[in-house]
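What follows is a set of notes on a single structure, which appears directly below.
There are 2 protein chains.
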Amino acid sequence: MCLYFTSAALARKVEKLATESWKKVNLSPSHAYLLMTVLDEPGIQPSTLSSQLHLQPSTITRLIEKLEEKKLMVRTTEGKLTNVYPTPKAKELYPKMKECLNHFYQKYSALLGKEESNRLVMDIGKIADKL
Amino acid sequence: MCLYFTSAALARKVEKLATESWKKVNLSPSHAYLLMTVLDEPGIQPSTLSSQLHLQPSTITRLIEKLEEKKLMVRTTEGKLTNVYPTPKAKELYPKMKECLNHFYQKYSALLGKEESNRLVMDIGKIADKL
DNA sequence: AAATTATACTTGTATATACAAGTATAATTC
DNA sequence: GAATTATACTTGTATATACAAGTATAATTT
Numbered sequence: 001m002c003l004y005f006t007s008a009a010l011a012r013k014v015e016k017l018a019t020e021s022w023k024k025v026n027l028s029p030s031h032a033y034l035l036m037t038v039l040d041e042p043g044i045q046p047s048t049l050s051s052q053l054h055l056q057p058s059t060i061t062r063l064i065e066k067l068e069e070k071k072l073m074v075r076t077t078e079g080k081l082t083n084v085y086p087t088p089k090a091k092e093l094y095p096k097m098k099e100c101l102n103h104f105y106q107k108y109s110a111l112l113g114k115e116e117s118n119r120l121v122m123d124i125g126k127i128a129d130k131l
Numbered sequence: 132m133c134l135y136f137t138s139a140a141l142a143r144k145v146e147k148l149a150t151e152s153w154k155k156v157n158l159s160p161s162h163a164y165l166l167m168t169v170l171d172e173p174g175i176q177p178s179t180l181s182s183q184l185h186l187q188p189s190t191i192t193r194l195i196e197k198l199e200e201k202k203l204m205v206r207t208t209e210g211k212l213t214n215v216y217p218t219p220k221a222k223e224l225y226p227k228m229k230e231c232l233n234h235f236y237q238k239y240s241a242l243l244g245k246e247e248s249n250r251l252v253m254d255i256g257k258i259a260d261k262l
């Protein structure tokens, strides 16, 4: 067994679970997490999003574009800096998003056990940082 | 912290490490693992590859196409069944591929520690199966 | 044995992410 | 203060993977 396929397979399965959980608000998981982050830190900059979400700046740009189209966030640019803000529509959606997040957590912790899944998240996080 | 981003981030980082390790034979990790599997089990069928590599049948088809273009494997079809065989060129490449595999393992176990990384692979594998 | 269903694979198309190059602004160096 | 370098973001393009629909063959049902 090899780390390459196990980690890729895990990511794909988790992605599927997450996709299901976020369907209620009609967002893909990465859009959803990006939006949650912006809701938690209005005015956050793409570069910060990039490092927090472990995604490349170009990917962040693409995700924001989509969310702007959906009228869920807006960008303001001054000089070379950009700030991202949630719209009222996004703020309305917040409670439902919390529910989705919770649904996702319930789902995977039911499959793996609360303790095991918490440990797993911690372990994977630490390891991803080391690589 | 959330399982979604940790698992995705881990997978992306592992992917990068693996890509580097497989560069010597000019193959992407998924092509490389598919070819290794075919070298280990000549005549293996796409459906078996699909379940062993945790990839969809359509993805397997695409990977095989690419490897056929590179003259590293051939398909023979009889009825609805297809068998996949490595070419002599692939067999020649085998020792180098083993080296890449080893390089990859050395790389990540150096970063994580042999024990920890072995445990990790086991854990992740088990968990991916549960989901 | 004809009709239906199941299996195995492929093809059309969509999505996510990344890399590399491009643009614009700010900071540093000389 | 002009020239260079660094930073922040965007755009062009490529790759991996998936889903859904399509095709061809085999198995099952009736």
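Quick mapping for you: the protein sequence lines, in order, are chains L and V. Okay, so the first sequence: first residue is 1 according to the working numbering, each after it adds one. Okay, so the second sequence: first residue is 132 according to the working numbering, each after it adds one. Note that beta-carbon positions come from the ideal geometry of N, C-alpha and C, so glycine has one too.
Beyond the five residues adjoining it in sequence on each side, residue 234(V) comes within less than 7 Å, by CB distance, of 152 in the same chain, given in chain order. Put simply, the CB of residue 210(V) is far from chain L, with every gap to its CB atoms at 8 Å or more. About 12 Å separates the beta carbons of residue 140(V) and residue 8(L), which is beyond the 8 Å limit, so they are not a contact pair. Going by beta carbons, residue 97(L) and residue 87(L) fall outside the 8 Å limit.
Pairing residue 211(V) with residue 189(V), the inter-Cα distance amounts to about 15 Å. Taken through DSSP and simplified to helix, strand or coil, residue 68(L) comes out as helix.
Residue-level contact by beta carbon holds for residue 185(V) and chain L, with a gap shorter than 8 Å. Residue pairing for residue 217(V): DSSP places it in a beta bridge opposite 204(V). For the pair residue 83(L) and residue 113(L), the CB atoms are not nearer than the 8 Å cut-off. A direct Cα-to-Cα measurement between residue 51(L) and residue 45(L) gives close to 10 Å.
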